[in-house]
Amino acid sequence: MKIREAKQEDIREIAILNQEELNYDYPIIDAEAQLLKILSSPNNQLFVAEIDDKIVGYVQASEYISTYFSPAVNIVGLAVSKKSQGKGVGRALMLQAENWAKTIDATFIRLSSGEERTEAHQFYQKIGYEKIKNHATFKKRLD
Numbered sequence: 001m002k003i004r005e006a007k008q009e010d011i012r013e014i015a016i017l018n019q020e021e022l023n024y025d026y027p028i029i030d031a032e033a034q035l036l037k038i039l040s041s042p043n044n045q046l047f048v049a050e051i052d053d054k055i056v057g058y059v060q061a062s063e064y065i066s067t068y069f070s071p072a073v074n075i076v077g078l079a080v081s082k083k084s085q086g087k088g089v090g091r092a093l094m095l096q097a098e099n100w101a102k103t104i105d106a107t108f109i110r111l112s113s114g115e116e117r118t119e120a121h122q123f124y125q126k127i128g129y130e131k132i133k134n135h136a137t138f139k140k141r142l143d
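Oh and the sequence shown: position 127 is 127 in UniProt numbering, straight run, nothing missing.
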């Protein structure tokens, strides 16, 4: 397995992971535009995991700055193909995100995960993350 920084040409495989593993059906052209923004931002990082030259997972991490706690990193997304789950891919991706977080002097990593994703919660706890609170997520469309 190889972990590396994402490249623009990875977008199709990332989009497939978004659809199949995270249930986000987002147009590829829009996803590509977003990926270009992520790749050009020093406050964001997107790593992919490859097995046999095929992308089997990714993690997106973003610098999280607030007035009410020390510098942190937010895991925006983590996806691993079903066939590659249980093989250390998610752990390797999260470790890469943690290493990046240290380079920008983050003091912790945070992430949100839907209540129904109990297997993901077990994974996060297994690699050292602790559940700190329950909260609701709200969204408002800006037209």
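We treat Cβ as the ideally placed atom computed from N, Cα and C, and that holds for glycine. Values in this document were obtained by computation on a predicted structure and should not be read as measured data.
Where does the unbroken alpha helix (DSSP H) through N99 begin, and where does it stop?
The residue you call residue 99 lines up with position 99 of the sequence shown. Run containing N99: V89 to T103, per the alpha helix (DSSP H) assignment.
Here's the rule I'm using: 16 or more other beta-carbon atoms within 10 Å means buried, otherwise exposed. How should G128 be labelled?
Start at 1 with the first residue of the sequence shown, and residue 128 comes out as number 128. By the neighbour-count rule (16 or more Cβ atoms within 10 Å), G128 is not buried but exposed.
Quick one: what's K2 bridged to in DSSP?
Position 2 of the sequence shown, counted from the first residue, corresponds to residue 2. Answer by DSSP bridge pairing, in chain order: E50.
Sorted by chain position, which residues of the same chain lie with C-beta nearer than 7 Å to S84's C-beta, five sequence neighbours on each side aside?
Taking the sequence shown and counting its residues from 1, the one referred to as residue 84 is at position 84. Same-chain partners within the cutoff: I51, V56 and G57.
Measure the CB-CB distance between N44 and Q60 and report whether it falls below 9 Å.
For this step, residue 44 is matched to residue 44 along the sequence shown. For this step, residue 60 is matched to residue 60 along the sequence shown. For N44 and Q60, yes; Cβs fall inside 9 Å.
Please specify which runs of the alpha helix (DSSP H), each continuous and at least 4 residues long, are wholly inside the region 6-59, giving them in chain order.
11-22 and 28-40
I11 to K37, Cα distance in whole Å?
Locating residue 11 in the sequence shown gives position 11, where the first residue counts as 1. Locating residue 37 in the sequence shown gives position 37, where the first residue counts as 1. Whole-angstrom Cα-Cα distance: 12 Å.
For A72 and R110, which I take to be in contact (beta-carbon distance under 8 Å), what is that distance rounded to the nearest angstrom?
For this step, residue 72 is matched to residue 72 along the sequence shown. For this step, residue 110 is matched to residue 110 along the sequence shown. The pair is a contact, with the Cβ atoms about 6 Å apart (cut-off 8 Å).
As a quick exercise: from K82, I132 and F108, pick the residue whose alpha carbon is nearest that of E20.
As a working mapping, residue 20 is identified with position 20 in the sequence shown. Checking every option, the nearest Cα to that of E20 belongs to K82.
When you compare the CB positions of H121 and K131, do they come within less than 9 Å of one another, or not?
As a first step, residue 121 must be located in the sequence shown, where it is residue number 121. As a first step, residue 131 must be located in the sequence shown, where it is residue number 131. Taking 9 Å as the Cβ cut-off, H121 and K131 qualify as a contacting pair.
I need the DSSP call for Y129, collapsed to helix, strand or coil.
The residue given as residue 129 occupies position 129 in the sequence shown. Looking at Y129 - three-state DSSP - the assignment turns out to be coil, as it is neither helix nor strand.
Please find out if some non-hydrogen atom of the ligand MN comes closer than 8 Å to the beta-carbon of W100.
Only the bare structure without any ligand can be found here, which leaves the ligand MN out of the picture.
In three-state DSSP terms, what is E63?
Taking the sequence shown and counting its residues from 1, one reaches residue 63 at position 63. DSSP places E63 in strand when its eight states are reduced to three.
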